[in-house]
Amino acid sequence: MPTNNCSINSPLSLKRVKTGVAEVPEKRPKLSPANNFHEFIRVMVGNKSQKFLIPKSLLVFTSGYFEAACRENSGCSDGAVIEVCLAHVDPKIFGIYVTWLYMTNLTASDDFVKFPKAEADAPNLQPQLRRALFYRLEAQREQLVECYCLGDFLQAPKFQNATMNLLIENGSRDAAHRERIREPLMVDIKSVYRNTKAGSPLRALTVDAVIYSHGARNQLKPDILEFWQDLGKKAMDLLANKALPSNPFLMDPCTFHIHPDKRDGFQCPEKRTCM
Numbered sequence: 001m002p003t004n005n006c007s008i009n010s011p012l013s014l015k016r017v018k019t020g021v022a023e024v025p026e027k028r029p030k031l032s033p034a035n036n037f038h039e040f041i042r043v044m045v046g047n048k049s050q051k052f053l054i055p056k057s058l059l060v061f062t063s064g065y066f067e068a069a070c071r072e073n074s075g076c077s078d079g080a081v082i083e084v085c086l087a088h089v090d091p092k093i094f095g096i097y098v099t100w101l102y103m104t105n106l107t108a109s110d111d112f113v114k115f116p117k118a119e120a121d122a123p124n125l126q127p128q129l130r131r132a133l134f135y136r137l138e139a140q141r142e143q144l145v146e147c148y149c150l151g152d153f154l155q156a157p158k159f160q161n162a163t164m165n166l167l168i169e170n171g172s173r174d175a176a177h178r179e180r181i182r183e184p185l186m187v188d189i190k191s192v193y194r195n196t197k198a199g200s201p202l203r204a205l206t207v208d209a210v211i212y213s214h215g216a217r218n219q220l221k222p223d224i225l226e227f228w229q230d231l232g233k234k235a236m237d238l239l240a241n242k243a244l245p246s247n248p249f250l251m252d253p254c255t256f257h258i259h260p261d262k263r264d265g266f267q268c269p270e271k272r273t274c275m
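Here is the structure:
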């Protein structure tokens with residue numbers, strides 16, 4: 001039998017990936033008991049299409065993405081179930097978002113990575129417990145980054161703010177045990193920048209963490225500040241020329257030679273002729 005559905009089979013249909021943003025009204029609809037909680041949106045998540053049936057008003061109130069989806073299907077017949085497919089999203093991460101929708105608390109989800117608070121706040125842990133705690137903190141941090149990126153995609157700022165609060169708490173606990181903040185790894189940086197857009201607070205947090213982790217270790221001495229200036233200048237030069245960085249140890253040594261009397265047509269006597 002035919003079903004009365006309106007379907008969005010891909011997030012691309014809303015033109016909302018990284019640099020694109022679905023049009024969102026300036027004012028969101030207010031959430032009140034008068035809203036239609038008997039209308040639902042069916043969300044199919046992950047490559048195995050795990051089904052979530054969520055009140056339409058709840059999603060529209062919290063997410064610009066779902067608000068745009070409903071607006072796109074405004075011509076559907078009354079009683080039609082709007083279906084949105086998010087094949088690229090991890091069902092566990094989306095499940096955490098759904099838990100937050102109902103309870104305004106990410107940590108209430110069964111899938112949220114937890115650890116005993118008393119253990120996390122203990123000043124002196126045995127080495128084995130300490131290693132286990134770092135592992136759980138790392139797993140939780142990775143999960144929170146995924147949650148934040150999902151919030152970025154769904155245009156759900158309140159969910160992103162709740163996630164950011166937990167990311168800050170996670171980092172504070174980690175720093176208390178390491179006696180310094182954890183420097184983001186390249187894999188962390190790639191994950192953040194691939195899944196957020198320019199101006200994202202998560203990008204700002206990542207940049208600040210990198211700078212502080214180096215600065216705190218070296219107390220931001222003048223020579224370190226000059227290093228950051230040189231690094232920034234080099235990065236901007238590469239960006240302006242749309243060039244990739246080269247391995248300096250495979251380059252011609254003359255690149256780094258000092259030639260005070262260098263003139264036009266000068267050739268370094270030690271210039272490497274073949275690489």
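By full-length UniProt numbering, the letter at position 81 of the sequence shown is numbered 81, and the numbering carries on one by one without gaps.
Positions of the beta carbon are idealized from the N, C-alpha and C atoms, including for glycine.
All figures in this text were calculated on a predicted structure; none of them were measured in a lab.
Next on the checklist: Report the CB separation of Thr196 from Asp152 in whole angstroms; it is logged as a contact under 8 Å.
Outcome noted: In this structure, Thr196 and Asp152 form a Cβ contact; the two beta carbons are roughly 5 Å apart against a cut-off of 8 Å.
Output needed for His38: all residues of its chain with C-beta closer than 7 Å, excluding positions within five of it in sequence on either side, in chain order. Excluding residues within five positions, none has a Cβ falling inside 7 Å.
### Message
Applying the 10 Å Cβ sphere with the 16-neighbour rule, what's the burial state of Arg131?
### Response
Arg131 comes out exposed.
Anticipated Cβ contact below 8 Å, Val84 with Val43, distance rounded
Taking C-beta atoms under 8 Å as the contact rule, Val84 and Val43 qualify, at a distance of about 5 Å.
By Cβ distance, which residues of its chain are closer than 7 Å to Thr255, with the 5 residues on each side in sequence left out? Within the same chain, Thr255 has no close Cβ partners at all.
Simplified DSSP assignment, three categories, for Pro33: Per-residue confidence for Pro33 stands at a pLDDT of 45, beneath the threshold of 50, marking its modelled position as unreliable; the derived number appears in the next sentence. Of the three classes helix, strand and coil, the one that applies to Pro33 here is coil, per DSSP.
task: Mind the definition here: the segment 133-150 touches the segment 162-178 only if three or more C-beta pairs lie below 8 Å; say whether that holds.
output: Using a C-beta cut-off of 8 Å, the segment 133-150 makes contact with the segment 162-178, since at least three inter-stretch Cβ pairs fall below that distance.
Classify Glu67: buried if its beta carbon has 16 or more other beta carbons within 10 angstroms, exposed otherwise. Residue environment for Glu67: buried (at least 16 other C-beta atoms within 10 angstroms of its C-beta).
Have a look at the DSSP bridge pairing and note the partners of Met44. Answer is Lys51, Cys85.
When the Cα atoms are used, what is the spatial distance from Val192 to Asn161?
-> Those two C-alpha atoms are separated by around 16 Å.
| Pro41 vs Leu101 beta-carbon contact at 9 Å | According to the sequence displayed, residue 41 carries Ile and not Pro. Against a cut-off of 9 Å, the Cβ pair of Leu101 and Ile41 comes out as no contact.
Status (buried if at least 16 other CB within 10 Å, exposed otherwise) for Thr110: For the sequence presented, residue 110 should be read as Asp rather than Thr. Classification for Asp110: exposed.
query = When DSSP labels each residue in this structure, what does Met186 get in the three-state scheme?
reply = Taken through DSSP and simplified to helix, strand or coil, Met186 comes out as helix.
Check your understanding: Under the three-state reduction of DSSP, which class applies to Met251: helix, strand or coil?
Key -> Three-state DSSP puts Met251 in coil, outside helix and strand.
- prompt: CB Leu137 to CB Arg173, shorter than 9 Å?
  reply: Remark: C-beta atoms of Leu137 and Arg173 approach each other more closely than 9 Å.
Quick check: what's the CA-CA separation for Gly199 versus Ala156? The alpha-carbon atoms of Gly199 and Ala156 are separated by roughly 15 Å.
Does DSSP put Ala243 in a helix, in a strand, or in coil? Reduced to three states, the DSSP call for Ala243 is coil.
- Query: How would you call Arg141, buried or exposed, if buried means at least 16 neighbouring beta carbons within 10 angstroms?
  - Reply: That one is buried.
Cα-Cα separation between His259 and Arg194, rounded to whole angstroms
Each residue's alpha carbon lies about 42 Å from the other.
Margin query: So, at 7 Å on beta carbons, what are the nonlocal neighbours of Asn35 in its own chain, with the 5 sequence-adjacent residues on each side left out?
Written below: Annotation note: pLDDT 48 at Asn35 (below 50); position unreliable, coordinate value reported separately. If we look at Asn35 and ignore the five residues flanking it on each side, its Cβ neighbours are Ser57.
* **Rounded straight-line distance, which links the Cα of Tyr212 to that of Asn47** => Distance between the alpha carbons of Asn47 and Tyr212: 39 Å.
Considering just the uninterrupted stretch of the alpha helix (DSSP H) at Ala68, what are its terminal residues?
Taken as a continuous stretch (DSSP letters only), the alpha helix (DSSP H) holding Ala68 covers 64-72.
Alpha-carbon to alpha-carbon, Gln50 and Asp90:
Just so you know, the alpha carbons of Asp90 and Gln50 end up roughly 10 Å apart.
Handout entry: Cβ-based burial, Leu59 [other Cβ within 10 Å; buried from 16]
Key = Residue environment for Leu59: buried (at least 16 other C-beta atoms within 10 angstroms of its C-beta).
Given a cut-off of 9 Å, decide if Leu106 and Thr163 are closer than it, judged by their beta-carbon atoms. Yes; because the gap between Cβ atoms is below 9 Å, this pair is in contact.
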